[in-house]
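Asks: Below is a structure I'd like to ask you about.
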Amino acid sequence: MRPWPRQRATPHTEWAKRLGAETVIDYKKDAFAEILHDYDPVLVTLGGETLGLFG
């Protein structure tokens, strides 16, 4: 299984594409529900200092 190279980015869409994202979703203007209709959602609630606690 290969990683899922997608990214949502505003205004860094070109940067995300250069990093290897096959699809860049601008959540402020794209209908992401239509773009991602074949995928199950994942909600990531960790970040910042909390994320650092896990390694």
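Numbering (our numbering), first residue to last: 89 to 143. Ideal Cβ positions, reconstructed from N, Cα and C, are used throughout, including at glycine.
1) On the criterion of 16 or more Cβ atoms from any shown chain inside 10 Å, does Ala121 qualify as buried, or is it exposed?
2) In the DSSP assignment, find the beta strand (DSSP E) that holds Thr111 and state where it starts and stops.
3) With distances taken between CB atoms, is the gap from Ala104 to Val112 smaller than 7 Å?
4) Using only alpha-carbon positions, find the residue among Val130, Gly140, Ile123 that is nearest to Tyr115.
Replies: Concretely, from the data shown:
1) Burial call: exposed.
2) First-last of the beta strand (DSSP E) with Thr111: 111-113.
3) In contact: Ala104 and Val112 (Cβ atoms closer than 7 Å).
4) Taking each of Val130, Gly140, Ile123 in turn and checking the Cα distance to Tyr115, the smallest one comes out for Ile123.
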